[in-house]
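These notes are about the structure you will find just below.
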Amino acid sequence: MRENSREGLIWDDNGLGPEPRWTRDPDLRAVLRVCRRQLGIPDPAPPSEYGPRNRGDAEHEGDDRLNVTFHADGTFNKLYRVTTTNAPNTSNTRHFILRVSLPVDPRNKTLGEAATLELVRHKTDIPVPRVVAFDETRNNEIGYEWLLMDCMTGVPAHYRWRKMSMREKEVLTVRVADFQAQLLRCGGFGDGFREIGTLGTVGGDSEGSQQGATAAASATPEPGPVVSSFFFLGQRYYYPISRGPFSCSHDWLRAQLSIIIKEHTTALGQANSELDKEYAECALRVARKLLRMLHKIFPSVIHPPERTVLWHDDLSLKNILVSPNGAVTAVIGWYVHSLFVFVLRFPFPSTFLSLGESEREKYTNTPRECASAMPRWVASQMPEFLRGTVRNTKPDRNCYTDVEKGLFTAGANAADDPDDGLDNEGKTELYWIHLMEYEQTQLRRVYEARMRHLRPEWDMEVEEGALKVDFLGAVSRCGSGFYLRRIEQWVDAIERKEYLPLMEVLRTGIKKESKEKPATATAMTKAVKTLSLVSRLS
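Per the UniProt record's numbering: the sequence shown = residues 1 to 538.
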């Protein structure tokens, strides 16, 4: 039985799918009171003396011992920077982050992150925030779930990347490989877990606050229900579908396909046009093909439950903090932080078609989830910051167009997120894309070499997991509603025992063999000349 209380959350359909919205913003004075109590800082004035806040103070509250400032908005969270001093006019200052969360998956989202952070902090040397306190309920002054943790030093590597030397990037990559190897060994069995699920969500019985943070550190948490946007997006939260923990990959993927089939069966019944009907039928056809293939790749009966490992599915440069010299100072983003699942209706909205390829990939990527215990084959993937197109030749800077020096605007939504701008150093965006692809290609070799050193069986793990990783990617993209026909091409090819990489099929498709007569020598000569001309013109 799913908890019905998601008070404070509504879903707004923007044409690309449901997006979460706050029905009311957290009161900054309530945030201040929670921080004051948890950090043991006396209140200089009784709560009754809190008067109306001036308009200019809407993002700032506090005094000379405790200061709370609104810091940032996330898809599911609002962040507040908390600063304390032991006494006025002293340099003994401490910094914290308090995150207030929407009840997208009530209790489980906060419980999962608190348990995961404490496990990683105690079982590995990965630098992660210390959990000070949390409340996984809305029974508090703020009226939402919250988690208070240390503020980590450093800035996202994303913003330093272009100024870092290749040697610094290689050192960072080796460090991330070390982190991944530690996560593979992190768990109650010394070599991971049993079952698939988000840690610490079993039973939903948490003491919360400081006691809960202490309890999370004292025992190894077990996998529970999976906290993922795939399962809680919009009305999916209420579907009578298992959320886990799952004993095997087969059951986990079957649950996802069941959600897709239920969603598009409903959409087919509510279709208002032929295009809507065609889209729903296509999505259902692809999902059912994947369901029929499922047991051929993943056994449906496993005993004991499948071995799993802790997996951070978004080790992007924005979730790796670095010092001025490029050293890793923290790894963040262990929670559900972005919404990547969209349900489209054909024809595609013009806003989507106007996006560049990199921006389209943002909306067609797999859904993000709390760092969870995942099948070992899931962890055979490259970390997020190393995924990209192969480019073996370093781009020549002089061969790219000069543009006005200033902030690099990445994609159609840069105007909505000016802080995401990067210095273009007077070169077109294409140069930076190609340079990143080249660096990723080189750094993947560094990562593979390090993993091979740490785990001699690594190459075999990657090889044996490749088809399974592709199947997961096909399910995720089918759930997003993108590339349906190319996913279907990939499924049909696998059924024919033609094992093509999924990403290759998504990029180029599978060309059907021509049934026309073979071209004559004259026709082929003309074709070669035409291609040569086009090549010169381009």
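Note that the Cβ used here is the ideal one computed from N, Cα and C, for glycine as well.
Pair within 8 angstroms by beta-carbon distance, residue i and residue j
i                : j                 : result
threonine 308    : methionine 382    : no
proline 331      : valine 128        : Residue identity differs from the one stated: residue 331 is valine in this sequence, not proline. For valine 331 and valine 128, yes; Cβs fall inside 8 angstroms.
glutamate 281    : isoleucine 196    : no
glutamate 333    : leucine 199       : In the sequence as displayed, the identity of residue 333 is glycine instead of glutamate. For glycine 333 and leucine 199, no; Cβs fall outside 8 angstroms.
leucine 253      : phenylalanine 298 : yes
threonine 124    : glutamine 180     : no
residue 539      : cysteine 478      : The displayed coordinates of the chain run from 1 to 538. Any statement about residue 539 would go beyond what the structure contains.
phenylalanine 76 : proline 20        : yes
leucine 315      : valine 176        : yes
alanine 115      : leucine 147       : no
leucine 9        : valine 104        : yes
residue 553      : leucine 66        : Residue 553 lies beyond the range of the chain shown here (1 to 538); nothing can be said about it.
residue 558      : glycine 481       : What is shown of the chain runs 1 to 538, which leaves residue 558 out entirely.
valine 34        : asparagine 140    : yes
tryptophan 311   : valine 390        : no
tryptophan 11    : leucine 102       : no
Start-to-end residues for the alpha helix (DSSP H) that takes in residue i
i             : result
valine 171    : 166-185
threonine 116 : 108-123
histidine 95  : Per DSSP, histidine 95 belongs to no alpha helix (DSSP H); it is in the beta strand (DSSP E), 93-101.
arginine 36   : 28-38
threonine 308 : Element bounds for threonine 308: not the alpha helix (DSSP H) but the beta strand (DSSP E), 307-311.
alanine 157   : 157-160
valine 475    : 458-480
lysine 262    : 249-269
Where residue i falls: helix, strand or coil (DSSP)
i              : result
alanine 219    : coil
valine 227     : coil
proline 52     : Residue confidence for proline 52 is low, a pLDDT of 46 falling below 50, so the modelled location carries little weight; the figure read from the coordinates is stated next. If DSSP states are grouped into helix, strand and coil, proline 52 belongs with coil.
aspartate 135  : strand
isoleucine 302 : coil
glutamate 281  : helix
tryptophan 146 : strand
glutamate 448  : helix
aspartate 12   : strand
valine 505     : helix
lysine 512     : coil
arginine 236   : helix
arginine 345   : Confidence in arginine 345 is poor, its pLDDT being 35 and thus under 50, which makes the residue's placement unreliable; the coordinate value appears in the next sentence. Of the three classes helix, strand and coil, the one that applies to arginine 345 here is coil, per DSSP.
isoleucine 487 : helix
aspartate 492  : helix
arginine 194   : strand
valine 427     : Checking the sequence, you will find lysine at residue 427 rather than valine. Reduced to three states, the DSSP call for lysine 427 is strand.
arginine 6     : coil
aspartate 314  : coil
leucine 422    : strand
residue 576    : Examination of residue 576 is not possible in this model, given that the chain is present from 1 through 538 alone.
leucine 290    : helix
leucine 199    : strand
threonine 530  : With a pLDDT of 38 at threonine 530, under the threshold of 50, the modelled position of this residue cannot be trusted; read the value that follows with caution. In the structure shown, threonine 530 sits in a helix (DSSP, three-state: H, G or I).
alanine 412    : In this predicted model, alanine 412 has a pLDDT of only 36, less than 50, meaning its place in the structure is not dependable; the value taken from the coordinates is given anyway. Residue state, collapsed to three classes: coil.
Range of the contiguous beta strand (DSSP E) that encloses residue i
i             : result
asparagine 77 : 77-85
threonine 69  : 66-73
glutamate 19  : 18-22
valine 322    : 320-322
arginine 329  : It is worth fixing the name first, because residue 329 is threonine in this sequence and not arginine. 328-331 is the extent of the beta strand (DSSP E) around threonine 329.
serine 372    : 372-375
Environment of residue i [buried if 16+ CB atoms lie within 10 Å]
i              : result
arginine 486   : buried
lysine 109     : buried
serine 273     : exposed
threonine 84   : buried
tyrosine 80    : buried
arginine 99    : buried
methionine 451 : buried
cysteine 399   : exposed
methionine 460 : exposed
arginine 397   : exposed
alanine 157    : buried
leucine 430    : exposed
valine 475     : buried
arginine 24    : exposed
isoleucine 126 : buried
methionine 503 : exposed
lysine 289     : buried
histidine 264  : buried
aspartate 251  : buried
glutamate 283  : For the sequence presented, residue 283 should be read as alanine rather than glutamate. Per the 10 Å Cβ criterion, buried.
lysine 163     : exposed
Any C-beta of chain D under 8 angstroms from that of residue i
i             : result
glutamine 270 : Going by chain labels, chain D is absent from the structure shown, which holds only one protein chain.
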